[in-house]
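Basically this note's numbering = 1-based index in the sequence shown + 1325.
First the structure, in the form of structure tokens, and then the observations on it.
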Amino acid sequence: MEDLPFPPQPDPRLAFLKSLPVVDLSDVKPDDNCPICLVPFDAICCEPGEQVEIAEDEYIQCAGLTKLPNCTHIFCKKDLVEWINTSHGSCPSCRDVFLEFPREEDIESSDGGEYIPDDDEEMGTDYDYDGFGTDGDVYTEDDLDMSDWGDAAEEDDYSFSSDPASATNDDDDDSDACAEADMSGVLEPQP
1326 MEDLPFPPQP DPRLAFLKSL PVVDLSDVKP DDNCPICLVP FDAICCEPGE QVEIAEDEYI
1386 QCAGLTKLPN CTHIFCKKDL VEWINTSHGS CPSCRDVFLE FPREEDIESS DGGEYIPDDD
1446 EEMGTDYDYD GFGTDGDVYT EDDLDMSDWG DAAEEDDYSF SSDPASATND DDDDSDACAE
1506 ADMSGVLEPQ P
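Put into structure tokens, the structure is as follows:
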């Protein structure tokens, strides 16, 4: 006998959306708003509904108000249908999970097109192979030895400190680190 593939599983959203209750305007404060679109409930109840496709050849009427079963938060049905259609299975207000979606890796198996590094590849090394911003050489972490940088700092005649107020330039002994800037060369705006 031939092995047949499993029949496609029904979309869990379909049954859930069809089971959502209709909330009457008299059951809520009319001046409260939908937490998703912020439209007042009384305005939502006055709007004509529309048919929204939730699965292939499956439509649901999106009019009025509805509420979630566990947390009982109330939303306009149109926004909640859109929320669920985009694979959100938790309440937009409190994140209470009301619908579990199968994970993608559970649904699809590998098609062999993924990149899987070899065991002997060195991970975590970032080499600059394109040479952009360099003189064309490829640099490694060993090239970045900064132990000899102390001599370069002394050649600039600057002394460095963790205290910004103590920073001085040895070339200009009369300067004060906190002195005001000379603004005499600043141009005045022209009329």
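Where is the CB? At the ideal position from N, CA and C, for every residue including glycine.
- N1358 sits in a strand when the DSSP states are folded into three classes.
- Of all C-beta pairs linking the region 1393 to 1405 to the region 1348 to 1363, three or more are shorter than 8 Å, placing the two stretches in contact.
- Between C1370 and L1350, the CB-CB gap stays under 9 Å.
- Under the 10 Å beta carbon count, V1422 is surrounded by fewer than 16 other beta carbons and is classified as exposed.
- Secondary structure at F1341: helix, using DSSP grouped into helix, strand and coil.
- DSSP places L1363 in the coil class of the three-state scheme, outside both helix and strand.
- Close CB contacts of F1426 within its chain, under the 6 Å cut and outside five residues either way in sequence, are with S1412, G1414 (chain order).
- Burial of C1387 is indicated by the presence of at least 16 other C-beta atoms within 10 angstroms of its C-beta.
- Cβ neighbours of C1419 within its own chain (closer than 6 Å, five residues either side excluded): C1396.
- In summary, V1348 is buried, with 16 or more beta-carbon neighbours lying within 10 Å of its beta-carbon over all protein chains present.
- Of D1356, D1382, F1366, the smallest CA-CA separation from P1335 is found for D1382.
- Take N1358, set aside five residues on each side of it, and the residues of its chain with a beta-carbon closer than 8 Å to its own are V1364, P1365, F1366, in chain order.
- C-alpha of P1355 to C-alpha of P1337: approximately 32 Å in a straight line.
- DSSP places L1405 in the uninterrupted alpha helix (DSSP H) bounded by 1402 to 1410.
- Put simply, the backbone Cα of E1372 is about 16 Å away from that of I1385.
- The alpha carbon of L1393 has as its nearest neighbour, out of A1368, P1417, D1352, the alpha carbon of P1417.
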